[in-house]
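Right, one structure below, let's go through it.
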Amino acid sequence: MEVTININGEPVTREIEPALLLVHFIRDTPGLTGTHWGCDTSNCGACVVQMDGLPVKSCTVLAAMAEGHEIRTIEALSIDGVLDPVQQGFHEEHGLQCGFCTPGMIMTARALLDANPDPTEDEIRTAISGAICRCTGYSNIVRAVRWAAEHEAAQPRRS
Amino acid sequence: MATTTAASPETPIGYGRMKRKEDARFIRGQGKYLDDIVLPGMLHGAVLRSPYAHAKIVSIETSAALAHPKVLRVITAKDLETLGLAWMPTISYDSQAVLAGDKVRFQGQEVAFVIAEDRYSARDALELIEVEYEPLPAVVNARKALEADAPLIRDDKDGQTDNLASPLWEAGDAEEADQVFAEADIVVEREMIYPRCHPAPLETCGMIADMNPETGQLDLYNGNQAPNAHRTVYAQVAGLPEHMIRIMTNDIGGGFGNKVPVYPGYVCAIVGSIVTGKPVKWVEDRSENLMSTGFARDYVMHGRICAKHGRITGVRVDVIADHGAFDSTAQPSKFPAGFFHIFTGSYDLEAAHCSVKAVYTNKAPGGVAYRCSFRVTEAIYLVERLVGELALKMEVDGAELRMNSFIRPEQFPYENKTGWTYDSGDYEKTMREAMRIAGYDELRREQAEKRERGELMGIGVAFFTEVVGAGPRRHMDILGLGMADGADLRVHDDGRAVLSISAQTQGQAHETTFAQIVAEELGISPDKIEVRHGDTDRTPFGLGTYGSRSTPVSGASAAVAARRARDKARLIAAGMLETSPEDLAWEKGRWYVKGDPEKAATIDEIAAAAYGEAPLPEGLEGGLEGQSVYDPPNLTYPCGAYICVVDVDPGTAEVEVRRFIAVDDCGVRINPMIVDGQIMGGLAEGVGIALMEVITFDEQGNCLNGSMMDYLIPTALECPDWELGATVTPCPHHPIGAKGVGESATNGSPPAIVNAVCDALYRSHGVAHIDMPLNPARVWAAMQGRAEPPQ
Ligand code: FES
Ligand code: FES
Chain A
1 MEVTININGE PVTREIEPAL LLVHFIRDTP GLTGTHWGCD TSNCGACVVQ MDGLPVKSCT
61 VLAAMAEGHE IRTIEALSID GVLDPVQQGF HEEHGLQCGF CTPGMIMTAR ALLDANPDPT
121 EDEIRTAISG AICRCTGYSN IVRAVRWAAE HEAAQPRRS
Chain U
1001 MATTTAASPE TPIGYGRMKR KEDARFIRGQ GKYLDDIVLP GMLHGAVLRS PYAHAKIVSI
1061 ETSAALAHPK VLRVITAKDL ETLGLAWMPT ISYDSQAVLA GDKVRFQGQE VAFVIAEDRY
1121 SARDALELIE VEYEPLPAVV NARKALEADA PLIRDDKDGQ TDNLASPLWE AGDAEEADQV
1181 FAEADIVVER EMIYPRCHPA PLETCGMIAD MNPETGQLDL YNGNQAPNAH RTVYAQVAGL
1241 PEHMIRIMTN DIGGGFGNKV PVYPGYVCAI VGSIVTGKPV KWVEDRSENL MSTGFARDYV
1301 MHGRICAKHG RITGVRVDVI ADHGAFDSTA QPSKFPAGFF HIFTGSYDLE AAHCSVKAVY
1361 TNKAPGGVAY RCSFRVTEAI YLVERLVGEL ALKMEVDGAE LRMNSFIRPE QFPYENKTGW
1421 TYDSGDYEKT MREAMRIAGY DELRREQAEK RERGELMGIG VAFFTEVVGA GPRRHMDILG
1481 LGMADGADLR VHDDGRAVLS ISAQTQGQAH ETTFAQIVAE ELGISPDKIE VRHGDTDRTP
1541 FGLGTYGSRS TPVSGASAAV AARRARDKAR LIAAGMLETS PEDLAWEKGR WYVKGDPEKA
1601 ATIDEIAAAA YGEAPLPEGL EGGLEGQSVY DPPNLTYPCG AYICVVDVDP GTAEVEVRRF
1661 IAVDDCGVRI NPMIVDGQIM GGLAEGVGIA LMEVITFDEQ GNCLNGSMMD YLIPTALECP
1721 DWELGATVTP CPHHPIGAKG VGESATNGSP PAIVNAVCDA LYRSHGVAHI DMPLNPARVW
1781 AAMQGRAEPP Q
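Chains A and U, in that order, give the protein sequences. FYI, the numbering for the first sequence is 1 to 159, going by the working numbering. FYI, the numbering for the second sequence is 1001 to 1791, going by the working numbering.
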């Protein structure tokens, strides 16, 4: 079957097997390998992208189901080379080590801040609890998201 | 680009908090992990695995799979036999089947390898292979594997008549221990198991093999922790010339010991590329990772500890090590139980003894060190759990008992009862710092009040001394390879430098830390130093990153190489300043004339001169380089004091880690931000091991934790906000005084957590020990007096 999915503002069309997962579609077809894969059971969150503005685990969505939806991945987060405050926050607060969970974490955190610009530590922990980081022990990820919230409040950049 | 800020102004270049150079690519999704790599014409492999833990293979029928329109080849043990590759050596000089031919020995064992045009077709075709098995009785319990009527697992090995994997191994003095125990005031004896768990890095294992049939060049893309050592192993196993093999790791999504061994899937990908003449990619799925690749621990330990006059005087232990079906324990060859004989801990004992037996069972092979230096984690858990229980039974405070028994600062270098020479430490200072941060006395008061109200609050203490940075050539090797690490440094004529190292980051930030080491030694800004790693064609030989050995060995090598470049810079500067080298003094970034500090040559100027046209002093060659192959004179001994506060829900038996205080002494800290990051990650893994991570099996050998649904890994909700502190006792023999830190936290945290839970439950419920993981079901059973081992 043929599907067209809008990824980062570009329509991507491809002939697919019905079983193809969205995560593989994103990684294989436009070659956007910033979205990762880490488990068979929807537990790890390495694959999180935004679908119509909400975070989804792209390993749990069939590519066929994403037809007609808008997908946004880590590659589209910086605008004109300027980092999103969440990306900058991960750098400032040492919120990553191996970097494998990082795109999923950042996309999850971005969706949280879009809905709740001033989250508490508990709210951040709950929001990222569907994603596993094996390296950082989470404290610095929480700080990274707080950094982003504080800098966004000081300097709103999104319309 | 993300701005990489140099260290704080008071230390212009060198050590200190500096944000990571490698972040720029990762926060943009531009990291390059194995599965991100696509080569032209690349094929995809998938592994067929055994559903049985123990069974004879009667026949393998592959014709239906081969008929699949997108399948090119199906490889079985028969094909491998013709190449002499049906079996491969393990890291412990045992043998392991690449693909099972005679029988399968654990559930998930590799049986066949399908090569297809795409990943989905390769996996679909696995279903088309028909294997006829004749099931055999399985044994998954280490003690039962030693019974006379246990099924023989390794009948492939000549002369093997039982399931012993290696001869009994001992350290310490048994007679001395008998005597010290006989004279003791109190003896505590405890059977405990450090259960099987799994490093489960977020990125699973995989390989792309690309054999060029014309040139014989074999390119391997493979995220492993020791690329140079892997290359030597492939060359030896496959009989290929080593220099014709190139391993490129690119970025690695975590390792934690899981990416130390060579796995059958890697060999299959190589064979696949040889037989098809095309690149072959194989990436395992999560179940394959959990069920078949290097597990950790699985130590059944019978421990005893004794005390006299309020001091700990002796520790002894008998261990049964469960290696699974093939002994691929990661450890230096000479040490069949790794560095387990550091179980004497941080205490000035009068006697110690251990014996270790190793057995085969019908479980996945491994025995890798999950964020651990060769069984140190098991040793520290044993001794700290014994001390925890001893304190409960003596009715003394655990911190006090430890401080009464510590090796004292003036005793270093200290030789323990099993032959290790501890380098340095001030244990009481480290312990007191943790107590200060915790507000220890206040916590004990709070606990007393809560007890009155029937609330179950526990305070757990653990103090560890690790032995890391393997290791001196005269004492150890892995598969005959000396455990040194190389460093090549070149300062270019524009004052920029490139450092090539054999250590292999999996998230530890070597690109930043190693640049800081060179920066500190040469006074070049870390921003101007590129660190190269993960490509055997572009890096020197060395044994890689595991066992917290990067900074102790490779970091030392980098410092020595930089000092050699600095020595050469001095000779060049002497020529430039028309004086003798002896008249020059160094300060970070320049050589100046003693007594006339204005007269100086900066490292930039010296670098330019090194490659310039002006004549150099007599006998001096051009260029500014330094090289080193560092053979450490001793191991390093980081230590730490951990205090954990837990609340146990009396109704559900759920354990909440409310606070966790970790004070680490890893010697000199190069980048405290990165050091703290390592510790926090290790603490989270320690929470996982203590509370939820376990690989178990049913009687038939079915793995019960083969997915992330059943192998639970802590999320942000199970982890507290870590409270960290530090003391700094430099390592006396390391060029920069550093000791290594990557694995400290996984050592100290499990015993601290279990001690805290027992501290909460001992008086109210009489619970003095519960085997990990302390999940609600197991804690509940213990509270009802029915504590059971997990296996
Ligand atoms: S890949 Fe693990 S949740 Fe999607
Ligand atoms: S940084 Fe490695 S998994 Fe999060």
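No residue lacks a Cβ here, since even glycine has one placed at the ideal position from N, Cα and C. None of these values were measured; they are calculated from a predicted model.
Skipping 5 residues on each side, what residues in its chain have a beta carbon closer than 6 Å to that of residue i?
i         : result
U:Ile1274 : Met1211
U:His1198 : Leu1290, Phe1295 and Ile1695
U:Tyr1194 : Arg1297, Tyr1299, Glu1378 and Tyr1381
A:Asp28   : none
U:Tyr1266 : Met1207
A:Trp147  : Gly89, Glu92 and Glu93
A:Glu10   : none
U:Gln1627 : Asp1488 and Ala1561
Check whether the Cβ of residue i sits closer than 6 Å to any heavy atom of ligand 2, and report yes or no.
i         : result
U:Gly1507 : yes
U:Phe1541 : no
U:Arg1474 : no
U:Gln1331 : no
U:Gly1460 : no
U:Phe1113 : no
A:Gln87   : no
Closer than 6 Å to a non-hydrogen atom of ligand 1 - does that hold for the CB of residue i?
i         : result
U:Ser1287 : no
A:Gly45   : yes
A:Lys57   : yes
U:Gly1706 : no
A:Gly99   : no
A:Ile38   : Here residue 38 of chain A turns out to be Gly, not Ile, going by the sequence shown. Answer for A:Gly38: yes, Cβ within range of ligand 1.
Going along chain U, which residues have a C-beta under 7 Å from residue i?
i        : result
A:Cys101 : Leu1202
A:Glu152 : Simply none; closest approach about 16 Å.
A:Gly40  : Per the sequence shown, residue 40 of chain A should be read as Asp rather than Gly. Residues of chain U passing the Cβ test: Asp1285, Arg1286, Ser1287 and Ser1707.
A:Ala46  : Leu1202
A:Leu112 : Those do not exist, as A:Leu112 stays about 12 Å from chain U at its closest Cβ, beyond 7 Å.
Name, in chain order, the residues that DSSP records as bridge partners for residue i.
i         : result
U:Trp1586 : U:Trp1591
A:Asn6    : A:Pro11 and A:Glu70
U:Tyr1347 : U:Phe1406
U:Lys1308 : U:Arg1311
U:Thr1465 : U:Cys1639
U:Gly1626 : U:Leu1489
U:Lys1021 : None, per the DSSP bridge assignment.
U:Gln1096 : U:Met1088
Could you work out which residues of chain A lie near residue i, taking near to mean beta carbons separated by less than 7 Å?
i         : result
U:Phe1026 : Leu96, Gly99 and Thr102
U:Asp1647 : Chain A residues near U:Asp1647: none, gap ~17 Å exceeds 7 Å.
Could you list which residues in chain A have their beta carbon closer than 9 Å to that of residue i, in chain order?
i         : result
U:Arg1020 : His91, His94, Leu96 and Gln97
U:Ile1437 : Those do not exist, as U:Ile1437 stays about 15 Å from chain A at its closest Cβ, beyond 9 Å.
U:Ile1252 : Cys98 and Phe100
For residue i, which residues in the same chain have their Cβ closer than 8 Å to its Cβ, ignoring the five residues on either side in sequence?
i         : result
U:Leu1774 : Val1655, Ala1690, Leu1691, Ile1753, Val1754 and Val1757
U:Glu1081 : Gly1101
Report the neighbours of residue i on chain A: residues whose CB is nearer than 8 Å to its CB, in chain order.
i         : result
U:Tyr1033 : Thr33, His36 and Phe100
U:Leu1683 : Gly137
U:Ala1509 : Gln97
U:Gly1748 : Ordered by position in chain A, no residue passes the 8 Å Cβ test against U:Gly1748, which lies about 14 Å from the chain.
Could you name the residues of the same chain whose beta carbon sits closer than 7 Å to that of residue i, not counting the 5 residues immediately before and after it, in chain order?
i         : result
A:Pro103  : Gly34, Thr35, His36 and Ile74
A:Ser159  : Per-residue confidence for A:Ser159 stands at a pLDDT of 40, beneath the threshold of 50, marking its modelled position as unreliable; no derived number is given.
A:Asp84   : Leu77, Ser78 and Arg110
U:Leu1123 : The question names Leu, but residue 1123 of chain U is Arg in the sequence shown. Closer than 7 Å at Cβ, skipping near neighbours: Ala1046.
For residue i, go through chain U and note every residue whose CB falls closer than 9 Å to its CB, in chain order.
i       : result
A:Glu75 : Arg1028, Gly1029 and Gln1030
With 8 Å as the C-beta to C-beta threshold (strictly closer), list the residues of the stretch 15 to 34 of chain A near chain U in chain order. Glu17, Ala19, Leu20, His24, Arg27, Gly31, Leu32, Thr33 and Gly34
Any C-beta of chain U within less than 8 Å: which residues of the stretch 114 to 142 of chain A qualify? Glu121, Ile124, Arg125, Thr126, Ile128, Ser129, Gly130, Ala131, Ile132, Cys133, Arg134, Cys135, Thr136, Gly137, Tyr138, Ser139, Asn140, Ile141 and Val142
Chain-ordered residues of the stretch 1107 to 1127 of chain U with a beta carbon less than 8 Å from chain A: Here the close residues are Arg1119 and Tyr1120.
Note down, in chain order, all residues in the stretch 1702 to 1729 of chain U with a beta-carbon under 7 Å from any beta-carbon belonging to chain A. Against chain A - using a Cβ distance shorter than 7 Å - the residues of the stretch 1702 to 1729 of chain U are Ser1707, Met1708, Met1709, Ile1713, Thr1715, Ala1716, Leu1717, Cys1719, Asp1721 and Trp1722.
Going along the chain, which residues of the stretch 56 to 73 of chain A sit with their C-beta nearer than 8 Å to a C-beta in chain U? Thr73
Of all the residues that make up the stretch 1501 to 1530 of chain U, which are near chain A by a beta-carbon distance shorter than 9 Å? Thr1505, Gln1506, Gly1507, Gln1508 and Ala1509
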